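Data block below; observations after.
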Amino acid sequence: MPHPFLSEDWIAAARDIRARYADEAPTTSAAVRVNLNISEVPFGEGSMPAHLDTSSGRLEMELGHLDEADATVTTDYLTAKNLVVYQDQGALMQAFMGGRVKIQGDGTKLMALAAAGQTGSATPEAVRLAGKIADEIKAITE
Numbered sequence: 390m391p392h393p394f395l396s397e398d399w400i401a402a403a404r405d406i407r408a409r410y411a412d413e414a415p416t417t418s419a420a421v422r423v424n425l426n427i428s429e430v431p432f433g434e435g436s437m438p439a440h441l442d443t444s445s446g447r448l449e450m451e452l453g454h455l456d457e458a459d460a461t462v463t464t465d466y467l468t469a470k471n472l473v474v475y476q477d478q479g480a481l482m483q484a485f486m487g488g489r490v491k492i493q494g495d496g497t498k499l500m501a502l503a504a505a506g507q508t509g510s511a512t513p514e515a516v517r518l519a520g521k522i523a524d525e526i527k528a529i530t531e
C-alpha cells in the first residue's frame with residue numbers, strides 16, 4: 390500500500406526494505422556524513438531533519454541530524470522525492486541550478502559519493518539489486 394513520501398508509514402516501509410536487502414547491499418568507499426533539511430513537507434511541522442551516512446561502508450538514511458556532519462543539504466520535499474524515489478538526476482540538477490538545493494560544508498565529499506554510486510562502475514548484481522530496491526521504493530510511495 391503506498392504512503393506519502395517521508396510519512397511515518399513510508400519511513401517504516403523503507404526501513405523494512407533496507408533491512409531485507411542489508412546482506413546483499415554493496416559497500417561504498419566514499420565515507421560521508423550528511424545532514425538533510427527537507428522543507429515544504431506536506432504534513433507535520435512542514436520540515437524534516439534527516440541524514441545519510443556512509444562511514445560504515447553502507448548507505449544509511451535515517452531521521453534526525455548527525456552531531457558531526459561533513460555537509461548539510463537543504464532542499465524542498467518535491468526535489469527530495471524526485472531524487473530518492475525516482476532517482477531523477479535531471480530534476481536534481483535543475484533544482485540545484487534554480488537554488489532549490491543548498492549545500493553547506495564539504496561538497497567534495499558529496500561529489501565523491503555521487504561518483505561512487507555511478508552504475509557504470511557497479512557489478513551487474515549491484516545494478517540488479519539497485520533496480521529491485523528502486524522498484525520497491527516506488528511501490529511504497531504515493
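At position 72 of the sequence shown (counting the first as 1) the number is 461 in my numbering, and the numbers step up by one without a gap. Where a beta carbon is used, it is the ideal one built from N, C-alpha and C, also for glycine. Since this is a predicted model, take the numbers as computed values, not measurements.
| Query | Result |
| --- | --- |
| Distance, Cα to Cα, E525 vs H440? | 21 Å |
| Are P513 and Y466 closer than 9 Å when you measure CB to CB? | no |
| Consult DSSP for T508 and reduce its assignment to one of helix, strand or coil. | Confidence is the limiting factor: at T508 the pLDDT is only 48, short of 50, which leaves the residue's position unreliable, though a coordinate-based value still follows. Reduced to three states, the DSSP call for T508 is helix. |
| Excluding five sequence neighbours on each side, which residues of the same chain lie with their C-beta closer than 7 Å to the C-beta of D459? | V421, R422, V423, G494, D495 and K498 |
| Looking only at DSSP bridge pairs, what is D442 linked to? | R422 and E449 |
| Tell me which residue opens and which closes the beta strand (DSSP E) that Q493 is part of. | V490 to G494 |
| What do you reckon, are the CB atoms on A469 and I427 nearer than 9 Å? | yes |
| From V490 to E413, what does the alpha carbon distance come to, in whole angstroms? | 31 Å |
| D442 to M450, Cα distance in whole Å? | 7 Å |
| Please report the distance separating the alpha-carbon of T508 from that of D456. | Confidence at T508 is low in this model, with a pLDDT of 48, below 50, so its placement is unreliable and the value that follows should be read with caution. Whole-angstrom Cα-Cα distance: 31 Å. |
| Exposed or buried, what is M437 when buried is set at 16 or more other beta-carbons lying within 10 Å of its beta-carbon? | buried |
| How would you label A504, buried or exposed, when you count the other beta carbons within 10 angstroms and need 16 or more for buried? | exposed |
| Looking at the structure shown, is D465 part of a helix, part of a strand, or coil, going by DSSP? | strand |
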